[in-house]
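J.: Attaching a single structure in structure tokens format; questions to follow.
In full-length UniProt numbering, the protein residues as written are 1 to 251.
Okay, here's the thing in structure tokens:
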């Protein structure tokens, strides 16, 4: 059929592009997600050339709902990402840096981006303490909080300004345990300037509000090579947050 041949002609360059992306970046969740969606769209068009049936309409309708949901959630994530950097002159109790993994004792590239951004803020707002939040995960020799503290001190931030939260294992716990530390310091209003990567800011602020914090955000940049992957993954993290409860997240 000519229509099917046309669709094959459309699919071939897409698959070639995916192969180039694989050679450049390796297999990522984002790449697999994009390929899966290309395949679904291709199959829906192919079946459209044949006699339509109730299950075609059902699958097509469900996929359309998914695409609308995906677009809406990603729009919210992007809005929050590009609303940061936030206002450095705001009324805050503390800066809150969220952990993002270590390699042994060294911060990951993602975490370094957050730390570099936080250092700039802390050198402008010398009146603010900083909470470094992150426990110890697999493959990590020390807690993320300790690694962050070391990095800040090595780059000119006074040790006396650093508050260590070393128990959290996910974003919800980052917020919950940091809220408790603020209360112990007498900072009961919980006004925090959260420093995390752009893709992570929307969910971080949402979870912060859930535990009684008053969050503002300051986004750290994400390298463009991995940006699409992280934004796609964050969609599923947001959905998991809503469906399974915000205290059960693994990230």
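By construction, the Cβ of each residue, glycine as well, lies at the ideal position given by its N, Cα and C atoms.
Using 10 angstroms around the beta-carbon of residue 127, count the other beta-carbons present and answer buried if the total reaches 16, otherwise exposed.
T.: Walking along the chain shown from the start, residue 127 turns up at place 127. Answer is exposed; the Cβ neighbour count stays below 16.
J.: Taking 7 Å as the limit between beta carbons, can you name the residues of its chain near residue 80, skipping five residues before and five after?
T.: Translated into the one-based positions of the chain shown, residue 80 becomes position 80. Correct list, in chain order: 201, 202, 205 and 217.
J.: Pick helix, strand or coil for residue 244, following the three-state DSSP scheme.
T.: As a first step, residue 244 is located in the chain shown; it is residue number 244 there, counting from the start. If DSSP states are grouped into helix, strand and coil, residue 244 belongs with the helices.
J.: Hey, could you find the ends of the beta strand (DSSP E) residue 69 is sitting in?
T.: The residue given as residue 69 occupies position 69 in the chain shown. Here residue 69 belongs to no beta strand (DSSP E); instead the alpha helix (DSSP H) covers 54–83.
J.: With 16 other CB atoms within 10 Å as the buried threshold, where does residue 155 fall?
T.: The residue you call residue 155 lines up with position 155 of the chain shown. It counts as exposed.
J.: In the segment 101–178, which residue ranges form an unbroken beta strand (DSSP E) of at least 3 residues, counting only runs that do not cross its ends?
T.: 130–133 and 162–165
J.: Counting C-beta neighbours from all protein chains within 10 Å, is the total for residue 95 16 or more, i.e. buried, or is it exposed?
T.: Numbered from its first residue, the chain shown carries residue 95 at position 95. Here residue 95 is buried, its C-beta having at least 16 other C-beta atoms within 10 Å.
J.: Can you tell me whether DSSP reads residue 95 as helix, strand or coil?
T.: Reading the chain shown from its first residue, position 95 is the one you call residue 95. Annotated three-state conformation of residue 95 is strand, per DSSP.
J.: Just the Cα atoms here: how many angstroms apart are residue 33 and residue 235?
T.: Along the chain shown, one-based indexing puts residue 33 at 33. Along the chain shown, one-based indexing puts residue 235 at 235. Residue 33 and residue 235: Cα-Cα distance of roughly 11 Å.
J.: Below 7 Å, is the gap between the Cβ of residue 91 and the nearest heavy atom of the ligand NAP?
T.: With respect to small molecules bound, the structure shown includes none, and the ligand NAP cannot be examined in it.
J.: Would the segment 156–171 and the segment 186–194 be scored as touching if the rule is three or more Cβ pairs under 8 Å?
T.: no
J.: If you drop the 5 nearest sequence neighbours on each side, which residues of the same chain put their C-beta closer than 6 Å to that of residue 30?
T.: For the purposes of this step, residue 30 is taken as residue 30 along the chain shown, with counting starting at 1. Within the same chain, residue 30 has close Cβ partners 228, 229 and 232.
J.: Restricting to Cα atoms, I'd like to know which of 74, 102, 117 and 111 is closest to residue 142.
T.: By one-based count along the chain shown, residue 142 stands at place 142. Minimum Cα distance to residue 142 is reached at 102.
J.: Buried or exposed for residue 179, please, with buried defined as at least 16 other CB atoms from any protein chain shown within 10 angstroms of its CB.
T.: Stepping through the chain shown from its first residue, residue 179 is reached at position 179. By the neighbour-count rule (16 or more Cβ atoms within 10 Å), residue 179 is buried.
J.: Between 165, 98, 130 and 166, which has its C-alpha nearest residue 157's C-alpha?
T.: In the chain shown, residue 157 corresponds to position 157, counting from 1. Nearest C-alpha to residue 157: 130.
J.: With a threshold of 16 other CB atoms inside 10 Å of the CB of residue 55, please say whether the residue is buried or exposed.
T.: Within the chain shown, the letter at position 55 stands for residue 55. By the neighbour-count rule (16 or more Cβ atoms within 10 Å), residue 55 is not buried but exposed.
J.: Less than 8 Å between the beta carbons of residue 88 and residue 115, yes or no?
T.: Against the chain shown, residue 88 aligns to sequence position 88. Against the chain shown, residue 115 aligns to sequence position 115. No, the Cβ-Cβ distance between residue 88 and residue 115 is not below 8 Å.
J.: If distances are taken between C-alpha atoms only, which option among 160, 42, 199 and 207 comes closest to residue 219?
T.: Within the chain shown, residue 219 is the residue found at index 219, counting from 1. Taking only the C-alpha atoms, the option nearest residue 219 is 199.
J.: Figure out for me which residue from 92, 67 and 40 has the closest Cα to the Cα of residue 122.
T.: Here the question's residue 122 lines up with position 122 in the chain shown. Nearest C-alpha to residue 122: 92.
J.: So the candidates are 120, 90, 150 and 68; which of them puts its Cα closest to the Cα of residue 107?
T.: Numbered from its first residue, the chain shown carries residue 107 at position 107. Answer by Cα proximity: 150.
J.: Keeping to the same chain, check which residues put their C-beta closer than 8 Å to that of residue 241; ignore five residues upstream and five downstream.
T.: Looking up residue 241 in the chain shown gives position 241. Within the same chain, residue 241 has close Cβ partners 203, 206, 207 and 249.
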